[in-house]
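Numbering (my numbering), first residue to last: 2 to 99.
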């Protein structure tokens with residue numbers, strides 16, 4: 002797949018996230034992940050989209066993959082926030098089911 006099409010798909014995924022359509026964003030990002038599995042931006046966006054649809058394990062897994070894919074020295078504060086939110090929601094859900 003050519004780079005302009007990948008860039009367009011990333012832009013569409015970001016648009017869907019911004020306008021509260023995370024399921025559409027996930028569909029695009031999962032397709033992009035198969036085409037470009039080492040792109041950390043895909044995992045960052047996926048982690049947030051999964052968090053928005055309450056797929057907490059997937060959000061945590063995508064956050065961990067993002068951290069493995071980025072170059073040393075990259076700012077990871079945002080992904081740590083996303084992962085922290087997913088872990089907190091997971092903990093709250095576990096407390097409710099007890």
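From the three backbone atoms N, C-alpha and C, an ideal C-beta is built for every residue, glycine too.
Three-way DSSP call (helix, strand, coil) for residue 90 in this model: For this step, residue 90 is matched to residue 89 along the chain shown. Residue 90 falls in the helix class under three-state DSSP.
DSSP-derived helix/strand/coil call for residue 22: Position 21 of the chain shown, counted from the start, is the residue given in the question as residue 22. The answer is coil: DSSP assigns residue 22 none of H, G, I, E or B.
Within 8 Å, strictly: CB atoms of residue 87 and residue 52: Within the chain shown, numbered from 1, the residue matching residue 87 stands at position 86. Within the chain shown, numbered from 1, the residue matching residue 52 stands at position 51. Yes, these two residues count as a Cβ contact at 8 Å.
Where the alpha helix (DSSP H) containing residue 42 begins and where it ends: Counted from its first residue, the chain shown places residue 42 at position 41. 41 to 53 is the extent of the alpha helix (DSSP H) around residue 42.
Reference residue 60; option with closest CA among 82, 21, 96, 22: On the chain shown, residue 60 is found 59 positions in, with the first residue counted as 1. With distances taken between Cα atoms, residue 60 lies closest to 82.
Counted within 10 angstroms of its Cβ, other Cβ atoms place residue 21 as buried (16 or more) or exposed: The count along the chain shown starts at 1 and reaches residue 21 at position 20. It is exposed - the Cβ of residue 21 has fewer than 16 other Cβ atoms within 10 Å.
Backbone CA spacing between residue 27 and residue 44 [nearest angstrom]: For the purposes of this step, residue 27 is identified with residue 26 of the chain shown, where counting begins at 1. For the purposes of this step, residue 44 is identified with residue 43 of the chain shown, where counting begins at 1. Roughly 10 Å between the two C-alpha positions.
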